[in-house]
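Counting from -11, one number per residue, gives the positions in the sequence shown under this note's numbering. All residues carry an ideal CB built from backbone N, CA and C; glycine is no exception.
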Amino acid sequence: MAIDASPLVSDTGQKNRWNVERRLEFIDSRLYWNGHINRGDLVDFFGISVPQASADLARYQEAAPGNVAYDKSAKTFVTGDRFQPAFFQPTGDGYLAHLRLLSSGMLSEQEAAALRPPPFSIVPILRRRVEPEQLRRVLKAIREKTALDVRYQSFSRTDPSWRWISPHALGFDGFRWHVRAWCHFREQFRDFVIARLLEVRDSKPSDADPRRDRGWHQEITLKIGPHPGMAEGARRAIELDFGMVDGSVEIKTRACLLFYVERFLGLDRDPSTVSPDQQQIVLINREEVHALRDDCDRSPLLPIK
-11 MAIDASPLVS DTGQKNRWNV ERRLEFIDSR LYWNGHINRG DLVDFFGISV PQASADLARY
49 QEAAPGNVAY DKSAKTFVTG DRFQPAFFQP TGDGYLAHLR LLSSGMLSEQ EAAALRPPPF
109 SIVPILRRRV EPEQLRRVLK AIREKTALDV RYQSFSRTDP SWRWISPHAL GFDGFRWHVR
169 AWCHFREQFR DFVIARLLEV RDSKPSDADP RRDRGWHQEI TLKIGPHPGM AEGARRAIEL
229 DFGMVDGSVE IKTRACLLFY VERFLGLDRD PSTVSPDQQQ IVLINREEVH ALRDDCDRSP
289 LLPIK
C-alpha cells in the first residue's frame, strides 16, 4: 500500500519527516506482530509527549484506514479486521532474527522492550570473540586495498606466526567470521579466522588483485533434497522445513565457502553410509558440485580481462 509522505514534511525538514515515518512504521509493526498498541508505547520508546503520540496514531489511522480500531474495554488500539501493512514489509525471518539478537544480547533494552517477544529459548552457540581493533584494521585494509602484517594462530602450527595478508572480503561459516585475503607467504587466496588474528603491526600498499580470486567469485549451486531412505511422512516434513518444491531446494554459495556449507548442513557425508535419522537432507548433485570445486582448486586464479 503506497502512502503519500508529503504531509509528513515539517518546518524542520527531512529529519522530522524521517522521525515521523519511523514512528508510523513502529505503529504498523506493533499492530502486525503484537495485535495492539497504545500511546504509552510510543511515549516510552521514542521519548515523545502524549499529545504527539495521539497525533501519530491519528495520522496512522488517516493514512491506513481500517488497520486499527479502539478497544474501549481494554483501553488500547487493536489490529483492525482489514489490516494490511502500510509502512513496513513483514517477514518471518526478520522477526525471528530479532529474537536471536535479543537472545545474544545484541539488542538494547529499549529495542528488546519494543519487540515484546513471546516466551522463547534458543540453543546456545559457542561464539568466537572478535577484537574490535583487529576487525577495524581489517575493514580499513579492505577499504583502502592495503596489506597487513598480522600475527596469526593457524590450525596447523603450534605457535602463532607473522605473515602479510591482503584482505578483500569477509565471510561467515555459520559459527565463525573469516577474512578472505591473499596470503603473501603461501601466494594464494585463503580464509583467515578473524578471532585468530592476534596482532596487527604494520600495513603497506598491496598489489594483490581480488578479481583473480576464483574461490570468491565462482558460484556453485547446491541442489538439496530429503534423504532417499526417508518414510513418506518424514519426507514431507523435511520438504516443509526447508521450503522444498518438487522434492528439492537450491542454494548458491561461493566456491571458497562450499566446505563450510557442507559441514554446517551435514552434507559432507555420503548418504549411503548414514541413516535418515542421522542425516535428514542430502546433496543431490554431489558429483557436479565436487567437480566444480576440484576445477576451482586446480585453477584458483582467474585471468584479468
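Problem - Cβ contact (3+ pairs, closer than 8 Å) linking the segment 168 to 184 and the segment 193 to 209 - result: Taking 8 Å as the limit for Cβ pairs, the verdict is that the segment 193 to 209 does touch the segment 168 to 184.
Problem - Residue of Glu275, Ser149, Ala52, Leu95 minimising C-alpha distance to aspartate 258 - result: The shortest Cα separation from aspartate 258 among Glu275, Ser149, Ala52, Leu95 belongs to Glu275.
Handout entry: DSSP-derived helix/strand/coil call for aspartate 229
Key = Helix at aspartate 229.
Exercise for the section: Reducing DSSP to helix, strand and coil, say where threonine 64 ends up. Expected result: The answer is strand: DSSP assigns threonine 64 an E or B state.
Handout entry: Backbone CA spacing between arginine 65 and alanine 135 [nearest angstrom]
Key = Residue 65 is actually phenylalanine in this sequence, not arginine. Using only the alpha carbons, I get a separation of about 57 Å.
Practice task
Return yes when the Cβ of glycine 213 is within less than 7 Å of the Cβ of glycine 231, no when it is not.
Solution key: The Cβ atoms of glycine 231 and glycine 213 lie no closer than 7 Å to each other.
Handout entry: lysine 133 - partner residues in DSSP beta bridges
Key = Answer is none; lysine 133 lacks a bridge partner.
Exercise for the section: Would you identify the three-state DSSP class for threonine 261, choosing helix, strand or coil? Expected result: Of the three classes helix, strand and coil, the one that applies to threonine 261 here is helix, per DSSP.
Practice task
Would you kindly check if the distance between the Cβ of isoleucine 15 and the Cβ of isoleucine 25 is under 7 Å?
Solution key: Yes. Within cutoff.
Practice task
May I ask which residues mark the beginning and end of the alpha helix (DSSP H) holding glutamine 267?
Solution key: In the DSSP assignment, glutamine 267 falls outside any alpha helix (DSSP H) and carries neither an H nor an E.
Problem - Among Asp137, Pro288, Glu50, Cys284, the one whose alpha carbon lies nearest that of serine 191 - result: Selection Asp137, Pro288, Glu50, Cys284 evaluated against serine 191 yields Asp137 as nearest (Cα-Cα).
Problem - Whole-angstrom C-beta distance between alanine 43 and alanine 74, which should lie under 8 Å - result: In fact, because the Cβ distance is near 17 Å, the residues do not count as touching under 8 Å.
Practice task
Alpha carbon to alpha carbon, how far is arginine 117 from arginine 178? Give it in angstroms, no decimals.
Solution key: Arginine 178 and arginine 117 have their C-alpha atoms spaced approximately 21 Å apart.
Exercise for the section: Buried or exposed for glutamine 77, please, with buried defined as at least 16 other CB atoms from any protein chain shown within 10 angstroms of its CB. Expected result: By the neighbour-count criterion, in which 16 or more other beta carbons inside 10 Å mark a residue as buried, glutamine 77 falls on the exposed side.
Exercise for the section: Could you name the residues that DSSP lists as bridge partners for isoleucine 25? Expected result: DSSP lists Phe65 as partners of isoleucine 25.
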